[in-house]
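K.L.:
Just dropping this structure here.
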Amino acid sequence: MPLRSRLALLVATAVAVAVAAVAVACWFVTREQLEDQLDDSLRNAKMDNAALRDLLSSCLSGGQLPAQEFPGQYTVQIVAANGDYCTAPNTTPVPARPSDVAVAAGRRADALHTTENDAGKEMRVYTRKLPPVVGSGQANDDLAVSVARPLGEIDAPLSTLAWVLALVGGIGVLGAGAAGLWVARAGLRPVDELTEAVEHVARTEDLTVRIPVDGEDEIARLSHSFNSMAAQLASSRDRQAQLIADAGHELRTPLTSLRTNVELLARSDDTGRQIPAEDRKALMASVKAQMTELAALIGDLQELARPDAAQPGPLQVVALHEITRTALRRARLRGPELTITEDLAPWYVRAEPAALERAIVNVLDNAVKFSPPRAAIDVTLHRGELTVRDRGPGIPAEELPHVFERFWRSPSARQLPGSGLGLSIVARTVHQAGGTIALRRPPDDGPGTVATLTLPGAPTPPPGG
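The sequence shown maps to residues -20 to -1, 1 to 445 in mature numbering (1 follows the signal peptide of the UniProt record, and there is no 0).
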């Protein structure tokens, strides 16, 4: 069953239960009111003294009374303390109950009950002590008078009321079902639009679809969430396409150079024309350099292939100062003519050791790569802040916001080896460790760039760490 049909059925069922509860309560309250009115009419029934005198005389003598002495709506009879009872002519007797006899005997003030007359009709009976009857000449100390009316007088209105309530309730339930169906259709229209949008995206892979958002209810929040999800997916797909395009562009340059060098060596072997030893050595060195660059680029791509939201490797307590010293030894091998100074205070952090070492190596490699011959590089570590200062050409202020983007390279660094991925990998590693990284110009306005890595930690390892 569709959702809108289930909602309409639910609304109709809820209204039906409510209407049924109200109708039943109304019927019972009305019956209670009618019974109270009937009882009050019996208690307040006024009987003429002459009619009572004639009835009493007739009951004692066995005579007959005119039928019109008592209206047909009442059944009046005399009840004696011995259990005998006498009814007015042309009325069906109502058997006296023990409570009626108790009133006649003086053991009760009055009695009110429901019973059946000799014809099987339910009667409401009120019995009280027989008042003094003037002119009867009879003592009535052991007599009571009962006044009865048929319960059918209230059964007919109650039956009519039940049919009216059933009819009105049925119309109400049908109306509620129709209204529920209309409300469900109107309320679920945004859901239908969302469904159509999802089906359209699944069918066409078009992530530009957006659902109009109106209001601040749950449906509006759902539509807004879908729009945000579609925008994020479109952005992710665009980033993937850009990554592939940038990777292809970066791979094309070393591959072209490598192919050219290999073709020259192959042509030399095919034609028998030997390449001079120095040129051959240079070609081999170029091939080796291009292969090294390709290997580094592929490694960087594999590192970036991990989703940004993926969980990092197992975190361990590592000595940042020791990792930095290890990275410095590698940096000195790559730039033996450079002067690299270090001032490393102990600092322990919680991070992935291999990823953190790779990040620091990347930062130091950049400093070595952009430093002029015999320049100085200063490396300091103080209270979790690792600072690397080089004396290279520096980075213009307008380019600083882009240095951590994938494949971005400064125009001045286009001719230098590299893939433009190193700093983006550094930024991701530092962020996963809960730290920050920034590049800025030196505070003394001198040449070079200052790279600052800040990682939370402590100067001493934690107990058991």
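Positions of the beta carbon are idealized from the N, C-alpha and C atoms, including for glycine.
1) If you follow the alpha helix (DSSP H) that Leu147 is part of, which residue opens it and which one closes it?
2) In terms of alpha-carbon separation, which member of Glu12, Val410, Pro(-19) and Arg232 lies closest to Pro333?
3) Whole angstroms are fine: how far does the CA of Pro137 sit from the CA of Pro46?
4) Among the residues of its own chain, which have a CB less than 7 angstroms from the CB of Gly63, if the five just before and after it don't count?
5) Where do the ends of the alpha helix (DSSP H) carrying Ala311 lie?
6) Asp345 lies in the alpha helix (DSSP H); which residues open and close that run?
7) Output the distance between the C-alpha atoms of Asp345 and Ala311, rounded to the nearest integer angstrom.
8) At the level of alpha carbons, what is the spacing between Leu419 and Leu361?
9) Which residue or residues does DSSP assign as beta-bridge partners of Cys66?
10) Nearest-angstrom Cα distance between residue 446 and Leu213?
11) According to the Cβ coordinates, are Leu(-12) and Val105 closer than 9 angstroms?
12) Per DSSP, what are the beta-bridge partners of Ala91 in this structure?
13) If Ala438 sits next to Tyr328, beta carbons under 8 angstroms apart, how far is it from one beta carbon to the other, in whole angstroms?
14) Along the chain, where does the alpha helix (DSSP H) that runs through Ala82 open and close?
15) Whole angstroms are fine: how far does the CA of Ile191 sit from the CA of Ser203?
16) Could you give the C-beta distance for Val(-2) and Val153, rounded to a whole number, given that I count them as a contact under 8 angstroms?
17) Is the beta carbon of Val56 less than 9 angstroms from the beta carbon of Val127?
18) Since Val348 and Leu318 are thought to touch, with beta carbons under 8 angstroms apart, how far apart are those beta carbons, to the nearest angstrom?
19) Buried or exposed: which applies to residue 471, given that a residue is buried once 16 or more other Cβ atoms fall within 10 Å of its Cβ?
20) For the beta strand (DSSP E) that contains Thr416, what are its first and last residues?
21) Using the DSSP secondary-structure output, state which residues sit across from Thr319 in a beta bridge.
22) How many angstroms separate the CA atom of Val4 from the CA atom of Ser139?
23) Within the same chain, show all residues whose beta-carbon is closer than 8 angstroms to that of Thr72, passing over the 5 residues directly before and after it, in chain order.
24) By the DSSP assignment, the beta strand (DSSP E) with Ala325 in it spans what residues?
25) Could you tell me the boundaries of the beta strand (DSSP E) in which Val430 lies?
26) Taking 6 angstroms as the limit between beta carbons, can you name the residues of its chain near Arg88, skipping five residues before and five after?
27) For Pro422, which residues from the same chain have a beta carbon less than 7 angstroms from its beta carbon, with the 5 sequence-adjacent residues on both sides left out?
28) On a Cα-Cα basis, can you pick out the residue from Asp194, Ala(-7) and Arg309 that is closest to Gly155?
29) Count the other C-beta atoms from every protein chain shown that fall within 10 angstroms of the C-beta of Leu(-18), then say buried if there are 16 or more, exposed otherwise.
30) Could you tell me the distance, in whole angstroms, from the CA atom of Ile134 to the CA atom of Val9?
31) Taking its Cβ as the centre, do 16 or more other Cβ atoms sit within 10 Å of Phe384, making it buried, or is it exposed?
32) Which one of Ile375, Ala377 and Arg(-15) has the shortest CA to CA distance from Ala158?
33) Quick check: the Cα distance between Gln395 and Ala221, rounded to an integer number of angstroms?
34) Please list, in chain order, all residues of the same chain as Glu403 whose beta carbon is under 6 angstroms from its beta carbon, the five residues on each side excluded.
35) DSSP has His362 in a bridge; who is on the other side?
P.N.:
From the atom records:
1) Working through the sequence shown from its first residue, we reach residue 147 at position 167. It spans Gly132 to Gly167 - the alpha helix (DSSP H) in which Leu147 sits, taken as one unbroken run.
2) As a first step, residue 333 must be located in the sequence shown, where it is residue number 353. Here the closest residue by C-alpha is Val410.
3) The sequence position of residue 46 within the sequence shown is 66, counting from 1. The sequence position of residue 137 within the sequence shown is 157, counting from 1. Low per-residue confidence applies at Pro46: pLDDT is 44, beneath 50, and the placement is therefore not dependable, though the value from the model is reported in the following sentence. When rounded, the distance between both Cα atoms is 32 angstroms.
4) For the purposes of this step, residue 63 is taken as residue 83 along the sequence shown, with counting starting at 1. Counting only Cβ-Cβ distances below 7 angstroms, and skipping sequence neighbours, we find Ala76 and Val81.
5) Here residue 311 refers to the residue found at position 331 when the sequence shown is read from its first residue. From DSSP, the alpha helix (DSSP H) with Ala311 extends over Leu300 to Arg314.
6) In the sequence shown, residue 345 corresponds to position 365, counting from 1. Segment Pro333 to Phe350, the alpha helix (DSSP H) holding Asp345.
7) Numbered from its first residue, the sequence shown carries residue 345 at position 365. Numbered from its first residue, the sequence shown carries residue 311 at position 331. Their backbone Cα atoms lie some 6 angstroms apart in a straight line.
8) Residue mapping note: residue 419 aligns to position 439 of the sequence shown, counting from 1. Residue mapping note: residue 361 aligns to position 381 of the sequence shown, counting from 1. Roughly 16 angstroms separates the two Cα atoms.
9) Counted from its first residue, the sequence shown places residue 66 at position 86. According to DSSP, Cys66 bridges with Ile58.
10) The question about residue 446 has no answer, for the chain in this structure spans -20 to 445.
11) Taking the first residue of the sequence shown as position 1, residue -12 is located at position 9. Taking the first residue of the sequence shown as position 1, residue 105 is located at position 125. The answer is no: Cβ separation not under 9 angstroms.
12) Your numbering for residue 91 matches position 111 in the sequence shown. In the DSSP output, where bridge partners are listed per residue, Ala91 has Thr107.
13) Position 458 of the sequence shown, counted from the start, is the residue given in the question as residue 438. Position 348 of the sequence shown, counted from the start, is the residue given in the question as residue 328. Right, their Cβ atoms sit about 6 angstroms apart.
14) The residue labelled residue 82 in the question sits at position 102 within the sequence shown. Counting along the chain, the alpha helix (DSSP H) containing Ala82 begins and ends at Pro78 to Ala84.
15) Locating residue 203 in the sequence shown gives position 223, counting from the first residue. Locating residue 191 in the sequence shown gives position 211, counting from the first residue. Their Cα atoms are separated by approximately 6 angstroms.
16) Residue -2 sits at position 19 when you count from the first residue of the sequence shown. Residue 153 sits at position 173 when you count from the first residue of the sequence shown. 6 angstroms between Cβ atoms; contact.
17) The residue you call residue 56 lines up with position 76 of the sequence shown. The residue you call residue 127 lines up with position 147 of the sequence shown. Yes. Within cutoff.
18) The sequence position of residue 348 within the sequence shown is 368, counting from 1. The sequence position of residue 318 within the sequence shown is 338, counting from 1. Right, the Cβ-Cβ distance comes to about 6 angstroms (below 8 angstroms), so this counts as a contact.
19) The chain is shown only over -20 to 445; residue 471 falls outside these bounds and no answer can be derived.
20) Here the question's residue 416 lines up with position 436 in the sequence shown. From DSSP, the beta strand (DSSP E) with Thr416 extends over Thr416 to Arg420.
21) On the sequence shown, residue 319 is found 339 positions in, with the first residue counted as 1. Ala356.
22) As a first step, residue 4 is located in the sequence shown; it is residue number 24 there, counting from the start. As a first step, residue 139 is located in the sequence shown; it is residue number 159 there, counting from the start. Roughly 12 angstroms between the two C-alpha positions.
23) Sequence index remark: in the sequence shown, residue 72 carries index 92 (1-based). Only Thr55, Asn97, Asp98, Ala99 and Lys101 meet the Cβ criterion.
24) Indexing the sequence shown from 1 puts residue 325 at position 345. Where Ala325 is concerned, there is no enclosing beta strand (DSSP E), given that its DSSP letter is neither H nor E.
25) As a working mapping, residue 430 is identified with position 450 in the sequence shown. First-last of the beta strand (DSSP E) with Val430: Val430 to Thr434.
26) Here residue 88 refers to the residue found at position 108 when the sequence shown is read from its first residue. Closer than 6 angstroms at the Cβ level, and outside the excluded window around Arg88, lie Ala82.
27) As a working note, residue 422 is residue 442 in the sequence shown. Result list for Pro422: Arg369, Gly428 and Val430, in chain order.
28) As a first step, residue 155 must be located in the sequence shown, where it is residue number 175. Comparing Cα positions, the closest option is Ala(-7).
29) Counted from its first residue, the sequence shown places residue -18 at position 3. Leu(-18) comes out exposed.
30) Taking the sequence shown and counting its residues from 1, one reaches residue 134 at position 154. Taking the sequence shown and counting its residues from 1, one reaches residue 9 at position 29. Using only the alpha carbons, I get a separation of about 13 angstroms.
31) Counting from one through the sequence shown, the residue named residue 384 turns up at place 404. Counting Cβ neighbours within 10 Å, Phe384 comes out buried, since at least 16 surround it.
32) As a working note, residue 158 is residue 178 in the sequence shown. The option with the nearest alpha carbon to Ala158 is Arg(-15).
33) Within the sequence shown, numbered from 1, the residue matching residue 395 stands at position 415. Within the sequence shown, numbered from 1, the residue matching residue 221 stands at position 241. Bear in mind that a pLDDT of 48 at Gln395, under 50, signals an unreliable position, so the number given afterwards is only what the model happens to contain. Each residue's Cα considered, the two are about 25 angstroms apart.
34) Numbered from its first residue, the sequence shown carries residue 403 at position 423. It should be noted that the sequence gives Leu, not Glu, for residue 403. Within the same chain, Leu403 has close Cβ partners Val383 and Phe384.
35) Position 382 of the sequence shown, counting from 1, holds the residue named residue 362. Note: His362 sits in a beta bridge opposite Glu365.
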